[in-house]
Amino acid sequence: MSDHESDEPLTTTHDEVTVEKRFEPDDFPVPAIAFTITSERDEAVTVQLSDTVPDDTPTEDIGFHPDYGAEQWDVEGDAIVFTREFEPQEEFVTVYGLRGTDASDPERFLTEPELSSVDAIEGDSGDDVGSGPGDGPTAESGAAEEAGADVDESTATESDAGADVDEPAATESDAGADVDHDPEVAEGPEATADEDDPSLDIDLPGPDDAVADDPAETEIEDDAGAASDSGASASAPAADGDEPLAATLAEEISEGRVDDADLAELRDALGVTAEDSTNARIEHLQTTVADLEAYTDAIEEFLDEEGDAQAVLRDVRNNYQSTVDRFDDLAADIDDVRADLSVDLEDLRQDVAMVEDDLSADVEELGDDLAAAEDDLAADVEGLRDDLAAAEDDLAADVEDLQDGLAAAEDDLAADTEDLRDDLAMVEDDLGADVEDLRDDLAAAEDDLAADIGDLRDDLADVEAEVTEATEERIEALEGDIEAIEAELADVAELRDRLVDALGGMAGAGADDQQTTGDTTVGGDGADDETGGDDDAGGTGIDQVD
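The following block contains the structure:
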């Protein structure tokens, strides 16, 4: 498939011949692919244009317009071929139409066209073959070349289509021109018949089709007689009184069974100069006559197999009547299907109504369930809010208890410190009195007691160190308790924040907070116990000092 935009023409050029291909959706009865072929040559040429169509395109979806060279198109395999003679500087437009689904997808047909061949027309430069010596009807011109003229005359005069074809003369120039243009003359009747119909001709005309449509082919076959085997004449014997010997001679010359020496003698006898160009033209005419023989044989074989145009027309009419009958049957079937569809449609409507009723009931029930679920959810949310408020109150009470415990611990610590200071003062006072008494009583034994005094001083230093150490340990223990209480307070505050945020899981969170509150209370008791233990230890130390 081509990705070419349909509004941009495709152009190809070969040997000064340009082809422009484009899509025309509105200029013709059906969408069409148009070709504008322009010859810039200074001589007449035969142009053969080949265009490829998609493989899945049926033949009946492509048609050719009779006013735009329909008779010059042919089918060759998966390609369609346009062949036409162009005069110097001539421009011609030809089209083929699209029908069916292909008309909606013209991009598939916008592939680049191919100029298969651009050949100069030999017959155009050879119109003067018979000029000069022997310009009149000669044996060679009347026999060898009149075969093509006979075909033209028979086809033109006996065809029911009534195409206007000039009567061929017996000269070499006219015969050569008629032979070169024979394919167009053979296809002319069909083209003339098609011009009466402004629509596109869906049939793809070819050389065989053009002749098969002519009802006069039976006469051609009958008139050929015994001469049909040789192919020299496709109609009645030529005029101007030619003898059978001339026809036999022409047949032998066309089939190449005459020696070159005999041909030279014939040329000398007829006064024809044996120029190279003349020989080439004669060979071309011989080849053309041979092609005509093959073409005539093919026509005869086709007529033997398919019958004449009347038989084909009868078959077409029979097929048409059969198609009409089938169409009537199809219309009846369509009516039956429509009736069945009406019944099915009514059943479907009833089913839809039932489904709508069921859906309405289900939707109403779902609405009630949704309202109940919303009420339950509102109750759950309210309960969670109450639980959260209770948890906050419990946390506030726990914090208040912790703060009271901390204040009591600080007061106990201050009292213990003051007691230690008082005990130390009392010890110092007692020691001072004892020393004074000892000084008075033991003045004489000062030297003996010097060592004891030193020991006492050492003991006093130890006592002071023990008291100081016990005091520092107690203070450190109290500071640790304070830090633990502050950490618990931070945990409680964090738990309170989580409880406020987690509205979906309030029940479980409240239980965890209760457990945390219990742990905090136990911790406070432990701190108090530990403080009491330290008090006992402090008292023991002081007692030991005493």
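According to our numbering, the residues represented by the sequence shown are -2 to 543, in order. Built from N, CA and C at the ideal position, the CB exists for glycine as well.
To the nearest angstrom, how far is the alpha carbon of residue i from that of residue j?
{"i": "G253", "j": "E13", "result": "37 angstroms"}
{"i": "Y292", "j": "S251", "result": "15 angstroms"}
{"i": "Q318", "j": "D325", "result": "10 angstroms"}
{"i": "V90", "j": "G74", "result": "24 angstroms"}
{"i": "D494", "j": "D398", "result": "20 angstroms"}
{"i": "F106", "j": "D23", "result": "17 angstroms"}
{"i": "V176", "j": "L260", "result": "Per-residue confidence for V176 stands at a pLDDT of 35, beneath the threshold of 50, marking its modelled position as unreliable; the derived number appears in the next sentence. Answer to the nearest angstrom: the Cα atoms are 22 angstroms apart."}
{"i": "L492", "j": "A404", "result": "24 angstroms"}
{"i": "A31", "j": "K18", "result": "6 angstroms"}
{"i": "V349", "j": "D359", "result": "15 angstroms"}
{"i": "D413", "j": "D419", "result": "10 angstroms"}
{"i": "T80", "j": "T108", "result": "19 angstroms"}
{"i": "E262", "j": "D256", "result": "10 angstroms"}
{"i": "V55", "j": "P63", "result": "Reading off the sequence, residue 55 comes out as Pro, not Val. Whole-angstrom Cα-Cα distance: 20 angstroms."}
{"i": "H11", "j": "E5", "result": "20 angstroms"}
{"i": "W70", "j": "I59", "result": "11 angstroms"}
{"i": "R314", "j": "A306", "result": "12 angstroms"}
{"i": "D444", "j": "A406", "result": "50 angstroms"}
{"i": "P204", "j": "E298", "result": "Note that P204 has pLDDT 36, beneath the 50 cutoff, so the model's placement of it is unreliable and the number below is only indicative. Between P204 and E298, the C-alpha separation is close to 14 angstroms."}
{"i": "E483", "j": "D391", "result": "17 angstroms"}
{"i": "T468", "j": "D438", "result": "36 angstroms"}
{"i": "E461", "j": "L453", "result": "12 angstroms"}
{"i": "R335", "j": "D53", "result": "32 angstroms"}
{"i": "A499", "j": "A487", "result": "18 angstroms"}
{"i": "D408", "j": "D434", "result": "39 angstroms"}
{"i": "R323", "j": "E249", "result": "56 angstroms"}
Tell me whether residue i is buried or exposed, calling it buried when 16 or more other Cβ atoms sit within 10 Å of its Cβ.
{"i": "I331", "result": "exposed"}
{"i": "D395", "result": "buried"}
{"i": "E68", "result": "buried"}
{"i": "P110", "result": "buried"}
{"i": "V340", "result": "exposed"}
{"i": "R471", "result": "buried"}
{"i": "E290", "result": "buried"}
{"i": "V46", "result": "The question names Val, yet the displayed sequence has Leu at residue 46. That one is buried."}
{"i": "D48", "result": "buried"}
{"i": "S232", "result": "For S232, the predicted structure reports a pLDDT of 36, less than 50, and the residue's modelled location is therefore unreliable. The matter cannot be settled from this model."}
{"i": "A277", "result": "exposed"}
{"i": "E82", "result": "buried"}
{"i": "E280", "result": "exposed"}
{"i": "A244", "result": "buried"}
{"i": "G429", "result": "exposed"}
{"i": "E480", "result": "exposed"}
{"i": "T285", "result": "buried"}
{"i": "G380", "result": "exposed"}
{"i": "R436", "result": "exposed"}
{"i": "R264", "result": "buried"}
{"i": "L374", "result": "exposed"}
{"i": "L327", "result": "exposed"}
{"i": "A247", "result": "buried"}
{"i": "E485", "result": "buried"}
{"i": "L410", "result": "buried"}
{"i": "L338", "result": "exposed"}
{"i": "L267", "result": "exposed"}
On the premise that residue j lies in contact with residue i, defined as a C-beta separation below 8 angstroms, what is that separation, rounded to the nearest angstrom?
{"i": "V546", "j": "V44", "result": "With the chain running from -2 to 543 in the structure shown, residue 546 is simply not present."}
{"i": "R117", "j": "E40", "result": "Checking the sequence, you will find Ala at residue 117 rather than Arg. That pair is a contact at about 6 angstroms."}
{"i": "V92", "j": "A29", "result": "4 angstroms"}
{"i": "F25", "j": "G97", "result": "Actually they are not in contact, since the Cβ atoms of F25 and G97 sit about 15 angstroms apart, beyond 8 angstroms."}
{"i": "V42", "j": "I77", "result": "About 20 angstroms; that fails the 8 angstroms criterion."}
{"i": "P103", "j": "F20", "result": "5 angstroms"}
{"i": "T8", "j": "E88", "result": "That belief does not hold up - the Cβ atoms of T8 and E88 are roughly 14 angstroms apart, past 8 angstroms."}
{"i": "V489", "j": "L417", "result": "Rounded, the Cβ-Cβ distance is 34 angstroms, inconsistent with contact."}
{"i": "A388", "j": "L496", "result": "6 angstroms"}
{"i": "V309", "j": "E303", "result": "6 angstroms"}
Does any residue of chain B have a CB that is nearer than 8 angstroms to the CB of residue i?
{"i": "D53", "result": "The structure shown has no chain B; it contains just one protein chain."}
Any heavy atom of the ligand NAP within a distance shorter than 7 angstroms of the CB on residue i?
{"i": "L345", "result": "Within the structure as shown, the ligand NAP is missing, as the structure has no ligands at all."}
ask   = What residue ranges within the stretch 240 to 308 form continuous alpha helix (DSSP H) runs of no fewer than 4 residues, ordered along the chain?
value = Counting only runs of 4+ residues, the alpha helix (DSSP H) found wholly inside the stretch 240 to 308 occupies 241 to 251, 257 to 267 and 273 to 303, in chain order.
query = Touching or not, the stretch 382 to 393 and the stretch 410 to 430, by the rule of three or more beta carbon pairs under 8 angstroms?
reply = Under the 8 angstroms Cβ criterion, the stretch 382 to 393 does not count as touching the stretch 410 to 430, having fewer than three qualifying pairs.
query = So does the stretch 446 to 465 actually touch the stretch 353 to 360, counting three or more Cβ pairs closer than 8 angstroms?
reply = no
key: Stretch-stretch touch, CB-based, cutoff 8 angstroms, three pairs: the stretch 358 to 367 with the stretch 475 to 486   = Result no; under three Cβ-Cβ pairs closer than 8 angstroms.
task = Please list the segments of the alpha helix (DSSP H) lying wholly inside the stretch 320 to 390, counting only runs of 4 or more residues, in order along the chain.
result = none
task = Run through the stretch 429 to 508 for me and flag every whole beta strand (DSSP E) of 3 or more residues, listed as ranges in chain order.
result = none
request  = Could you name each continuous alpha helix (DSSP H) segment of 4 residues or more that falls completely within the stretch 5 to 45, going from the start of the chain to the end?
outcome  = Entirely contained in the stretch 5 to 45, not one alpha helix (DSSP H) run reaches 4 residues.
inquiry  = Give the list of continuous alpha helix (DSSP H) stretches no shorter than 4 residues that lie fully inside the stretch 40 to 122.
reply    = Taking only runs of at least 4 residues, the alpha helix (DSSP H) segments lying wholly in the stretch 40 to 122 are 119 to 122.
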